[in-house]
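Following: one structure in structure tokens, then a few remarks.
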Amino acid sequence: MKIAPAASRAALVFALVALVALRILGFVPRGAAANAEALGFSVDRASAHVTRLAAAPRPPGTEGHDAAREMILAELRRLGIPAEIQRAATIGTHWGVPYDGARVENLVARLEGRERGPALALVAHYDSVPNAPGAADDASGVAVLLETARALREGPALRNDVIFLFTDAEEAGVLGGAVFVREHPAFRDIGLALNFDARGSEGPVGLIETSPEAGALVRHFGAAAPSPVASSLFPEIARRLGHQTDLYPFLRAGVPGMNFAFADGAAHYHAPVDDPAHLDRRTLAHAGTLALSLARRFGDLDLARLPAEPVVYFDVPGLGLVVYRRAWALPIVMIPAALFALAFVRAKRRGQARPTRVLAGLGVLLASLAAASALATGIVAALRALSPAWGAFRGDPFDPGLARITLALLGVAIHAAAYRFVRRHLSAFELALGAASAWLLLALATAALLPGASFLFALPLAASLVGLLVWQGRPSESPSRGLVLLLSALPAIVLAVPVPHLLFIALGLPRAAPAVAVVVLLAGLLSPLLEVLGGGASRRPALGLAGASGALLGLSVATNHFSPAQPRPACLAYALDADRREAVWTTTEVKPSPWTALHIPEATRGAARFSLPGQGALRHEAEAPRLDVPPAELEPLGDEVHEGTRTLRFRLRSARRAPFVLVSVTSEALLHGATIDGVRVEEKGGFQATSADPWGFTFQGLPAEGIEWSIDLAPGAPVAVRVVDRTYSLPEPLLQAPKPADVMPMPFRVAGSTFVAMERTFPPNP
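Quick note: the sequence shown uses the working numbering, first residue 1, plus one each step.
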């Protein structure tokens, strides 16, 4: 088949690359600040709120937490919006033993509307993890709510009340949101909840989750939101992943809701570098435009009249949100099915394709997909093994952009190489129809099983098949055939190109295989363009793509290095066993980083014996100087047997005012339940505690006076209770060397904390 002239090929390549780049760059909320100001949302004021809130980490029971609470209350008072503190103890059992406990302090404010009716709730959490100032997660959400409250307060009254809910202890297991839903009387007034959260430091704010059958919500969202970023694919994934934020208790209670978040810049997530300097101002502005525009929209609607409607939806640049009923998913798939049948029959009649060779074309695509996914996984694994700048993170390094492009180009290069290799044996139409058959199978499967994702395959496939049919009917030397194929690729570029980009962000580079697989699927769908560009007759496209991929990989390695601006995560914790009077430095790092290794040198390193159930797998430890601090106090309050059940009651307090405590029953015991700070937990069928599998709970925001708790268990055996309290700093005088400027406490771990353990054994009840 004759290929396009060199000038035409260059123009096609430029146009294709430009369209793909524009689609990806379209996710950057460039005009968000102007949109926000036009709506009356001040990004400057919101940024100032973030700076004040993120002055220090804010886990419950800390000074930073208290300061954030008082700052929010003071701002609400300044706005003249009545607010209250909901104080309550709670225990979360969703994640299993050890259960999550806390004294929470939710902040609830209400801006009254003109009429009585269901209220709108805007939700964000004001706590953070211990090692992060939490500028993005979730001072950004709090700041957006405060500035939205100001804008609404200064504007005309809305029809509905707007409840501003600033939840506590979200990081401990969505505890504050659950307490509000379970206990606060204002919950009964809520007809719709909108939650704002973050898992990164930049990128667009997307609608990532909705209540079931949220068609009316989605349509209003599309009509009101500037620059909407949304897809019915996201909630389908969230529901299957068990994604949990403060919206979860509302959805579980049957309240309609929408969840908004941003997730790029994952290296900052839960890290000390989640600070105001690293929060993208454009992202904050985008969140503000959404919150204010949706508050005004839903604040003036009758929230009792939002009919349930299952829909498919996706955003299109320049057009906004496209929404149609989910019932149309299967009929729409019949369009590409009919076009595929027509293209196949025409190709067969003209001698351009044979059924067995079309199946071979499908096999080529699947082989390319498997090879590219495996190679991408291997490359990332090698980088993580060889480069600390990659391996020190659970997910992405600080600068993942070039690596994402590298892996995407690698996927296209592998497909181009496979295409060139088999092109001598299979026709261009057989390869194109083979790839189209994969898309058709995916379109049919998603329409039946995952309808929210069906648009992703059905619509690009239909357009691509139209282009293929036009191509079939044109002479091979027609100068317009490349333009026809490029135009038919536009739906794929608009709808499908964002998917690998978003998968890279959502899953991270260590799980790059799904994103690369989608890239190869896209390359297969666009294989007629590869043919026109000479990919069937020349190795140059494949070699060029492979060369570009290699060059970008080298640049990616060079740009990811540790510095004070991009510090190296390190896990070093101090642990004291008060009973044995032994202290150790300990770490979760498999291979301790240099600063950690100063305290846990290889010569004296041993396997970790100090245990923290549910808090991270400690790997190594080494002897440390003993800190002169008291352990937690466990005061027995009662021991009685009633109807075959022994109840032990205690008062637990931290003598050193630690805000966090971990309690474990480490002896052989059959537990029937417990009462923790007044909250009852039942163990249906009993829980058999052992030293290897202890029963227990954590408690955050431990008050100075402590808490009372009790356990119900089978009588007749001694009961061992281990208590570990935690403060969120290291004993600096004992450090071998101060923490370097290019080192930070490792996110998601026990890093940077001091643990003091004690254990008491209570004899059998007489």
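Built from N, CA and C at the ideal position, the CB exists for glycine as well.
Give the single residue among the options whose Cα lies nearest to the Cα of residue i.
i: serine 593; options: Asp197, Ala757 and Arg568; result: Arg568
i: valine 719; options: Phe762, Glu84, Pro564 and Pro625; result: Phe762
i: proline 541; options: Asp579, Arg657 and Ala418; result: Ala418
i: aspartate 579; options: Gly80, Glu633, Ala432 and Leu553; result: Glu633
i: leucine 526; options: Val497, Pro82 and Ser549; result: Val497
i: valine 162; options: Phe298, Arg52, Leu73 and Pro235; result: Phe298
i: glycine 686; options: Ala225, Ile81, Asp712 and Pro659; result: Asp712
i: alanine 656; options: Leu485, Thr754, Gly215 and Ala669; result: Just to set this straight, residue 656 is arginine in the shown sequence, not alanine. Of Leu485, Thr754, Gly215 and Ala669, the residue nearest in Cα terms is Thr754.
i: leucine 79; options: Arg87, Glu147 and Ile332; result: Glu147
i: threonine 406; options: Gly547, Gly288, Arg357 and Asp396; result: Gly547
i: valine 255; options: Asp577, His286 and Leu303; result: Leu303
Pick helix, strand or coil for residue i, following the three-state DSSP scheme.
i: leucine 533; result: coil
i: tyrosine 728; result: coil
i: proline 747; result: coil
i: methionine 1; result: Annotation note: pLDDT 47 at methionine 1 (below 50); position unreliable, coordinate value reported separately. Looking at methionine 1 - three-state DSSP - the assignment turns out to be coil, as it is neither helix nor strand.
i: tyrosine 313; result: strand
i: alanine 6; result: helix
i: glycine 206; result: strand
i: arginine 305; result: coil
i: arginine 626; result: coil
i: valine 229; result: coil
i: threonine 849; result: There is simply no residue 849 to check, as the chain begins at 1 and stops at 766 in what is shown.
i: leucine 782; result: In this structure the chain extends from 1 to 766, so residue 782 is not present and cannot be described.
i: glutamate 759; result: strand
i: arginine 420; result: helix
i: arginine 45; result: helix
i: threonine 754; result: strand
i: valine 273; result: coil
i: leucine 321; result: strand
i: phenylalanine 221; result: helix
i: proline 764; result: coil
i: isoleucine 335; result: helix
i: alanine 772; result: With the chain represented from 1 up to 766, any question about residue 772 goes unanswered, as that position is not in the structure.
i: glutamate 705; result: coil
i: phenylalanine 262; result: strand
Give a yes or no on whether 8 Å exceeds the smallest Cβ distance from residue i to chain B.
i: leucine 543; result: The displayed structure is made up of one protein chain only, and chain B is not part of it.
Is it the case that the Cβ atoms of residue i and residue j are separated by a distance below 8 Å?
i: glycine 257; j: asparagine 195; result: yes
i: valine 229; j: leucine 251; result: no
i: alanine 54; j: proline 276; result: yes
i: alanine 143; j: valine 50; result: yes
i: threonine 596; j: cysteine 571; result: yes
i: phenylalanine 164; j: leucine 192; result: no
i: leucine 375; j: alanine 438; result: no
i: alanine 266; j: glycine 508; result: yes
i: aspartate 246; j: glycine 200; result: no
i: methionine 758; j: alanine 271; result: no
i: leucine 122; j: alanine 291; result: yes
i: glycine 411; j: valine 584; result: no
i: alanine 513; j: leucine 284; result: no
i: glycine 173; j: aspartate 274; result: no
i: proline 60; j: alanine 102; result: yes
i: glutamate 105; j: isoleucine 85; result: yes
i: leucine 522; j: proline 336; result: no
i: asparagine 765; j: valine 679; result: no
i: alanine 463; j: proline 491; result: yes
Practice task
Pick out the complete beta strand (DSSP E) segments inside the segment 48-114, 3 residues or longer, and give them in chain order.
Solution key: 83-92 and 99-111
Exercise for the section: Would you mind listing the alpha helix (DSSP H) stretches within the segment 536-620 that are 4+ residues and don't spill past its ends, in chain order? Expected result: 540-559 and 594-599
Problem - the segment 166-175 in contact with the segment 183-194 per 3-pair CB rule at 8 Å - result: no
Practice task
Quick one: which unbroken beta strand (DSSP E) runs of 3-plus residues sit fully inside the segment 11-36? Chain order, please.
Solution key: none
Practice task
Count the C-beta pairs between the segment 695-713 and the segment 526-543 that are closer than 8 Å, then say yes if the count reaches three, no if not.
Solution key: no
Exercise for the section: Report yes or no: do three or more beta-carbon pairs, one from the segment 704-719 and one from the segment 604-615, lie closer than 8 Å? Expected result: no
Practice task
Quick one: which unbroken beta strand (DSSP E) runs of 3-plus residues sit fully inside the segment 427-509? Chain order, please.
Solution key: none
Handout entry: Sequence ranges, beta strand (DSSP E) only - wholly within the segment 624-684, length at least 3
Key = 632-642, 645-654, 660-665 and 669-676
Problem - Ranges of the alpha helix (DSSP H) found wholly within the segment 115-203, counting only runs of at least 4 - result: 141-154 and 175-183
Exercise for the section: Decide if the segment 376-390 is in contact with the segment 461-471; the criterion is three or more beta carbon pairs, one per stretch, under 8 Å apart. Expected result: no
Practice task
Would you check if the segment 650-665 and the segment 622-636 touch, i.e. whether three or more CB-CB distances between them fall below 8 Å?
Solution key: yes
Exercise for the section: Would you be able to state if there are at least three C-beta pairs under 8 Å between the segment 302-310 and the segment 212-223? Expected result: yes
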